[in-house]
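Under our numbering, the first residue of the sequence shown carries the number -1, and numbering increases by one thereafter. Where is the CB? At the ideal position from N, CA and C, for every residue including glycine. What you are looking at is a predicted structure, and each value in this text was computed from that prediction instead of being measured. Only one structure is covered here, and it is reproduced in the block below.
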Amino acid sequence: MIPIALPLLGDDEAEAAREAVLSGWVSQGPQVAAFERDFAALVGAPYACAVSNCTTALHLALAALDIGPGDEVITASHSFIATANCVRYCGATPIFVDIDPDTYNIDPDRVAEAITSRTRAIIVVHQMGMPCDLAALVAIADRHGTALIEDAACAAGSQIRMNGGGWDRIGKPHGRIACFSFHPRKVITTGEGGMLTTSDPELDRKFRLLRQHGMSVPDTVRHGSPQVIFEDYLAVGFNYRMTDIQAAVGRKQLAKLSDIVGRRRALAARYAELLGNLEGLSLPFEPEWAHSNWQSYCVRLPARLDQKAVMQSLLDQGIATRRGIMCSHREAPYAEAARRHDLRQSELAQDHSILLPLYAQMTDTDLELVASALQAEINR
Ligand SMILES: *Cc1c(COP(=O)(O)O)cnc(C)c1O
């Protein structure tokens, strides 16, 4: 069986978890602080704040910007549903715009058209790890004085070149806030986990306050103090903390990130060789200013093929795939959010694409098996 994904976890992570357990401090503590320092240094962000997952990171991003009822947030429907849900958590309205069919990322022209006087933020997604056109999107956000939030759930280790400069890791602040996921389906994992990066100390302060019940003095500080300290509760906060066990695992994963991404890029290049001349199959497009971590490898099937039938046939041969990224506007909670904007490319991408297995432990033989099975479907 070739699964769709497989986390790269080993003795390093197991030993780190063991040490955290035996340290006597298992909730948010010194390992979380160290993971934040490591992550900030790696991506080149002044501030990084760890949380329980990327969904809570996105919620905190909007909450820290005081986004609420009556506000509009422009985003992609073609994304995991958490991108849209976090807007609803704040009582604000998601405004869905279409994607570029080649990169599956939000189309900057469609974003510009959707801006109104009520637009308070734009959530852009680095879908499947492919950096979106940040240069164009930052320019639009700046021109309209609206906040740009990056849903970088899938994009740890991806890189972008902005305006002809050098390569930056996603997470180095270009927008106001970037949000990451460490779910096992992403390229590095802590089981569940998330991170926010920013260059704004005031936003970072709010993230830290809100992730821990609005508590004025964190328990770590009270615990280490020779004085008795009474804390205050300064806002309606949440419990969005990461544990020290997760963070200890995360530090080991982070140390492997460059190698993991290097391996994934080599596998993606091999897929491109194997699949490059299959009739009617479209391979994912990487702009020259982007380096994807290939969190997912998405191919678009010839229109005459039935997506589900192809996936079933591959599954019968022991190869797991997934359909193209979902569209939130097609799901019950967003059904009558109506399509304010044309979402045809989003729907076509969901209906005609499939994600192929890609993980660091895959062998060349695995890739050849997937490629030949796909070839047989196309020749059928
Ligand atoms: C996975 C994912 C999320 C949610 O991340 P969690 O850590 O599982 O909460 C949000 N947005 C996108 C684009 C994702 O792929």
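By the CB criterion at 8 Å, Ala80 and Pro92 fall outside the cutoff. Counting only heavy atoms of ligand 1, the residues whose C-beta sits closer than 6 Å to one of them are, along the chain, Asn51, Cys52, Thr53, Ser77, Phe78, Ala80, Thr81, Val123, Asp149, Ala151, Cys152, Ser179, His181, Gly192.
If you draw a straight line from the Cα of Arg328 to the Cα of Ile317, it is about 27 Å long. The beta carbon of Glu284 sits closer than 6 Å to those of Ser290, all from its chain and outside the five residues before and after it, given in chain order. Contact between Val185 and Gln359 is absent: CB atoms are separated by about 13 Å, not below the 8 Å threshold. Along the segment 72 to 158, the alpha helix (DSSP H) occurs as fully enclosed runs of 4 or more residues at 80 to 87, 106 to 112, 132 to 142, listed in sequence order. About 11 Å separates the beta carbons of Ile97 and Val122, which is beyond the 8 Å limit, so they are not a contact pair.
Between Ala145 and the set Arg174, Asn377, Lys306, the nearest pair of CA atoms involves Arg174. Remark: C-beta atoms of Ala43 and Gly191 do not approach each other more closely than 8 Å.
Contact between the segment 22 to 31 and the segment 235 to 246 is present: 3 or more CB-CB pairs across the two stretches fall below 8 Å. For Trp165, DSSP records a beta bridge to Arg159. For Arg298, the uninterrupted beta strand (DSSP E) segment begins and ends at 295 to 298. Going by C-alpha positions, Ala347 is about 12 Å away from Leu281. DSSP places Tyr45 outside any alpha helix (DSSP H); the residue lies instead in the beta strand (DSSP E), whose first and last residues are 45 to 49. For Ser370, the enclosing alpha helix (DSSP H) starts and ends at 362 to 377. Apart from sequence neighbours up to five positions away, the residues of its chain that approach Arg261 with a beta-carbon distance below 8 Å are Ala358, ordered along the chain. Each of Gln343, Tyr332, Ser311 was checked against the Cα of Ile323, and the nearest Cα belongs to Gln343.
With contact defined as three or more Cβ pairs closer than 8 Å, the segment 293 to 303 and the segment 260 to 280 are in contact. Taking the C-beta atoms as reference points, Ala154 is found no nearer than 8 Å to Cys52. For Cys52, the enclosing alpha helix (DSSP H) stretches over residues 52 to 62. In the DSSP assignment, Met193 forms a beta bridge with Ala48, Phe178. Membership of Ile258 in the alpha helix (DSSP H) is indicated by the continuous run 242 to 273.
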